[in-house]
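Reviewing the structure listed below.
Right, dumping it as structure tokens:
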């Protein structure tokens, strides 16, 4: 087996933040140690609420190596999309933080906060202070024909307290009020990752994230390999039922996998496990002697990769059945009893 590690196989790591590197004010366990090994990295975030320097400073406070040039945000990509579509100096209604407004100004557009200013475009990004008044202004502008760009459409946002309302939920309210849909800058749309790849000048980027519907779908949209880590939003149950455009190249429990051989993390038949189709069900059995197959969480992940290989080929499967004590124990961890 090829022993090349995952981190050495790629020339840049394109890392999601929320749910992958940190959760709010806390680093994901093991992430700091995994990422401070001198790899070439860019932090690529859908969260448009903070300036790149603020993101870098937050990462530094948590013990990560980061600077302003290593942060790529959806607000930067949204500003680029607008600058390519409307004349220099045009007014843009900003639904979001001052950080988003500054990115609009940085591309020689004029940020405004009211539809009375007759903006030709609306840009919408996450802000914890977004309320009815600014959404009403955006509704008026969009219904009057303004171009509409959303930084991202994540319906939820991971925090140390759990999942909370994300920008996508606010976007949905404007879609309902206007009958329009926005151009999207952030993952899973291509612009943000295309900007990150362009900035890195990489030939072999690896996209790493915790969400199938943003990070992994986005990687597939730009033709990049991807790693899903199970430290954020997407669950094993989500993985098992993932549609083809949301399936990752690699799956691991956390970023601590980066020194593991890449071949061991790829979704393919798992060593030490057999998976068979029986009617609508998938049967999992350990082929390793004794209890060694559950000696570590890594073995559970090896079993999962093997099951995924079969589950994705049979997307309408019913249940997963463990045929021995070891397999039953692992399946119970993946799909809690209802």
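In the working numbering, the protein residues as written are 2 to 339.
Where a beta carbon is used, it is the ideal one built from N, C-alpha and C, also for glycine.
Residues of its chain near residue 69, where Cβ-Cβ distance is below 6 Å and the 5 sequence neighbours each way are ignored = Closer than 6 Å at Cβ, skipping near neighbours: 53, 54 and 57.
query = Who are the Cβ neighbours of residue 60 in its own chain at under 6 Å, not counting the five residues just before and after it?
reply = Only 67 meet the Cβ criterion.
key: Burial state of residue 155, where buried means 16 or more other Cβ atoms lie within 10 Å   = Burial check for residue 155: the Cβ neighbour count within 10 Å reaches 16 or more, so the residue is buried.
task = Measure the alpha-carbon distance for residue 130 versus residue 91 and round it to whole angstroms.
result = So the two alpha carbons sit approximately 25 Å from each other.
ask   = Would residue 133 be called buried (16 or more neighbouring beta carbons within 10 Å of its own) or exposed?
value = Around the beta carbon of residue 133, fewer than 16 other beta carbons lie within 10 angstroms, which makes this residue exposed.
ask   = Buried or exposed: where does residue 75 fall if 16 or more other Cβ atoms within 10 Å of its Cβ makes it buried?
value = Result: buried.
ask   = Within 10 angstroms of its Cβ, does residue 125 collect 16 or more other Cβ (buried), or is it exposed?
value = Using a 10 angstroms sphere on the CB of residue 125, the tally of other CB atoms reaches 16 or more, which defines it as buried.
query = Under 7 Å between the Cβ atoms of residue 1 and residue 211?
reply = In the structure as shown, the chain starts at 2 and stops at 339, and residue 1 therefore has no counterpart that could be examined.
message = Within a Cβ cutoff of 7 Å, which residues of the same chain sit near residue 144, ignoring the five residues on either side of it in sequence?
response = Correct list, in chain order: 179.
key: Beta-bridge pairing of residue 28 - partner residues as DSSP gives them   = For residue 28, which the question treats as bridged, DSSP gives the partners 23.
Local conformation of residue 331 per DSSP, three classes = Correct three-state label for residue 331: helix.
key: Cα-Cα separation between residue 281 and residue 222, rounded to whole angstroms   = For the pair residue 281 and residue 222, the Cα-to-Cα distance works out to about 31 Å.
query = Where does residue 270 fall in DSSP's three states?
reply = Coil at residue 270, not helix or strand.
key: Where the beta strand (DSSP E) containing residue 112 begins and where it ends   = Note, residue 112: beta strand (DSSP E), 111-113.
Helix, strand or coil at residue 16 [DSSP, three-state] = Under the three-state reduction of DSSP output, residue 16 falls in the strand class.
inquiry  = Taking 7 Å as the limit between beta carbons, can you name the residues of its chain near residue 318, skipping five residues before and five after?
reply    = Taken in chain order, the residues that qualify are 281, 282, 283 and 312.
inquiry  = Looking at the secondary structure, which residues open and close the alpha helix (DSSP H) in which residue 191 lies?
reply    = Where residue 191 is concerned, the enclosing alpha helix (DSSP H) stretches over 191-201.
ask   = How about residue 197 and residue 108: are their beta carbons less than 7 Å apart?
value = Not in contact: residue 197 and residue 108 (Cβ atoms no closer than 7 Å).
Separation of residue 95 from residue 249, as counted between CA atoms = About 34 Å.
task = Sort out for me which residues DSSP pairs residue 44 with in a bridge.
result = Per DSSP, 16 and 72.
task = For residue 104, collect the residues of the same chain with a Cβ closer than 6 Å to its Cβ; drop the 5 residues on either side in sequence, then sort them by chain order.
result = Closer than 6 Å at the Cβ level, and outside the excluded window around residue 104, lie 76, 77 and 80.
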